[in-house]
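For what it's worth, my numbering labels the leading residue of the sequence shown as 3, then goes sequentially.
Step one of this worksheet: look at the structure below.
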Amino acid sequence: MPLLCVSAGCESDYWGPHCSSRCQCQNGAKCNPITGACVCTDGYQGWRCEEFCEHGYYGKACQLPCQCLNGATCNHETGECICAPGYSGAFCGERCPSGSHGPQCEQRCPCQNGGMCHHITGDCSCPTGWTGSVCAQPCPLGKYGMNCSKDCSCRNGGLCSHVTGQCQCAAGFSGRRCQDDCPVGTFGPQCNQRCECQNGAKCHHINGACLCETGFKGPNCQERFCPPGLYGLICDKYCPCNTTNTVSCHPLSGECTCSAGWTGLYCNETCSPGYFGEGCMSPCSCTNGADCHPVIGTCICAPGFMGEDCATMCPPGLYGPSCMSTCSCHNHASCSPFDGSCICREGWQGVDCSLLCSSGTWGLGCNLTCLCANRAACDPIDGICTCSPGWRGEHCGESCHDGTYGLECRERCDCSHADGCDAVSGYCRCYPGWTGQ
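Given below as structure tokens:
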């Protein structure tokens, strides 16, 4: 039987006996020199290595599963993820950063006024109050809110915020929906202008024009028909008002309009306590019993207090009205902020606390009686006894022990042939038949 000669050293593109067969492998694959079978490179499969790995696999023999997310494709050779538009990251697990979108997140978002852009398409989601493809336009007139879906409720020509729907009222109107005229005495934009009409005239809420009462004229209704002091249809009646405290007397009724700080039918009564100003309508802000100026409302503090509203007590060392007086107390005594009277510390007495307690007394107000005996001194502050020579004990009621004498019984008797020594002087008490000190 003839032998079949096979070479194991064929050139790369050949195989078989005598290396006579040409390899059919593709995409860089090698063929077995004996069998001719293709050994595919990474990322390819099939008899001739002519096919990519199936979807979801890559690498050697197409055995490795892809790890890409969110619809990303996987490189059949390396497994590298090629992200779908709107995603980024090694495995395409992250959305495009804010402000970018599209393939590889390379496109800049066009949204304005805080609009959010879709990470894939770049479409804008507008914030409250804005509309348009790039959120560049505010809501149309009469609309507001998210997607401009809410209707404004402002009245009397008021404009509404395209974001919150809050009304910006036209001149002369107020209220949440601009449904009210300006409060009495005000007019104009935001009702922030004060009417200048006098003598009870009403002011137009839009332009401030004065609507004068009968008997008055002029731009501000400041001119009377009757001469001062008279009223009535033919100005034949005398006004009953106190002229000093009155602004005007109504030319028809004679009703008195009082000056600030005055009230009553004829303007002859001061404001009630706690009120001041025109018509005595303004409440005072004074505290701690302070009086309030009836015209301007400034506080007149009671003794012992100070400050704009008299809420602050006098600082230590001062007393009286407006805290202008200096205390004269001694020996660390405290001083009443109201009348300057001294509150003495223990052991002191007198108007200015300059005197020690009288002999035999001690303590706060010198109201405690000393209990010290045998001519002992008593401390005026704490009542502690300082014993005379020859005495001891808390109240100095006990004589010195035998063998001792003198101040605080600190001395030792030096006697012989004696019955001890005198507790005060230390003189020896000699036995009969003995003499000497």
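Ideal placement from N, C-alpha and C gives every residue a C-beta, glycine not left out.
Remember, predicted model here, so these are calculated numbers, not experimental data.
{"Query": "Inter-residue Cα distance where the pair is CYS387 and ALA375", "Result": "9 Å"}
{"Query": "Reduced DSSP category for GLN168 - H, G, I as helix; E, B as strand; rest coil", "Result": "coil"}
{"Query": "Beta-carbon contacts of ALA379 that lie in its chain and below 6 Å, excluding the five residues immediately before and after", "Result": "THR388"}
{"Query": "Sufficient close CB pairs (3 or more, under 8 Å) joining the region 78-91 to the region 55-64", "Result": "yes"}
{"Query": "Proximity winner among SER14, GLU53, PRO253 and THR37, relative to ASN29 (alpha-carbon distances)", "Result": "GLU53"}
{"Query": "For SER23, the residue or residues it bridges with in DSSP", "Result": "TRP17"}
{"Query": "Buried or exposed by the 16-neighbour rule on C-beta atoms within 10 Å, applied to ALA425", "Result": "buried"}
{"Query": "Nonlocal neighbours in the same chain, by C-beta distance under 8 Å from ALA313, ignoring five residues either side", "Result": "THR289, ASN290 and PHE307"}
{"Query": "Beta bridge counterpart(s) of CYS85 as assigned by DSSP", "Result": "Paired residue(s): none; CYS85 is not in a bridge."}
{"Query": "Residues that PHE218 bridges to, as DSSP identifies them", "Result": "ARG226"}
{"Query": "GLY279 and ALA262 closer than 8 Å at C-beta", "Result": "yes"}
{"Query": "beta-carbon SER100 near the ligand SAM non-hydrogen atom, thresh 7 Å", "Result": "This structure simply doesn't include the ligand SAM, nor any ligand for that matter."}
{"Query": "Given 8 Å, three or more beta-carbon pairs between the region 340-347 and the region 312-332", "Result": "yes"}
{"Query": "Cβ-Cβ distance between ASN244 and ASN270 below 8 Å", "Result": "yes"}
{"Query": "Cα-Cα separation, PRO87 to THR133", "Result": "25 Å"}
{"Query": "Three or more C-beta pairs below 8 Å linking the region 113-123 and the region 144-154", "Result": "no"}
{"Query": "Stretch-stretch touch, CB-based, cutoff 8 Å, three pairs: the region 211-221 with the region 165-172", "Result": "no"}
{"Query": "Sequence-distant residues of its chain with Cβ nearer than 7 Å to GLN195 (five each side left out)", "Result": "THR188, PHE189 and GLY210"}
{"Query": "Nonlocal neighbours in the same chain, by C-beta distance under 6 Å from CYS128, ignoring five residues either side", "Result": "GLY117 and CYS137"}
{"Query": "Length of the line joining the Cα atoms of THR43 and PRO140", "Result": "60 Å"}
{"Query": "Same chain only: Cβ atoms within 6 Å of LEU357, ignoring 5 sequence neighbours per side", "Result": "GLN351"}
{"Query": "Sequence-distant residues of the same chain with beta carbon closer than 8 Å to ARG431, five excluded per side", "Result": "CYS417, ALA420, ASP421, GLY422, CYS423 and ASP424"}
{"Query": "Cβ-based neighbour list, LYS219, same chain, cut-off 6 Å, excluding 5 preceding and 5 following", "Result": "GLU225"}
{"Query": "CB contact flag (GLY435, GLU413, <8 Å)", "Result": "no"}
{"Query": "Coarse secondary structure for PRO191, derived from DSSP in three states", "Result": "helix"}
{"Query": "Where MET445 sits in the DSSP three-state scheme", "Result": "No answer is possible for residue 445: the residues shown for the chain start at 3 and end at 439."}
{"Query": "Beta-carbon proximity list for THR371, same chain, < 7 Å, skipping 5 on both sides", "Result": "GLY362 and THR363"}
{"Query": "Chain C contact for SER255 (CB, 8 Å cutoff)", "Result": "This model lacks chain C altogether, as it is built from one protein chain only."}
{"Query": "Contacting residues, own chain, Cβ-Cβ under 8 Å from GLY385 (five flanking each side not counted)", "Result": "TRP364, GLY365, LEU370, CYS372 and LEU373"}
{"Query": "Minimum C-alpha distance to ALA335 - residue among CYS355, HIS103 and ASP341", "Result": "CYS355"}
{"Query": "Beta-bridge partners of HIS103, as assigned by DSSP", "Result": "GLN109"}
{"Query": "Under 8 Å between C-beta atoms of CYS180 and GLY160", "Result": "yes"}
{"Query": "Run of the beta strand (DSSP E) containing VAL249, from where it starts to where it stops", "Result": "248-251"}
{"Query": "Per-residue DSSP class, three states only, for GLU96", "Result": "strand"}
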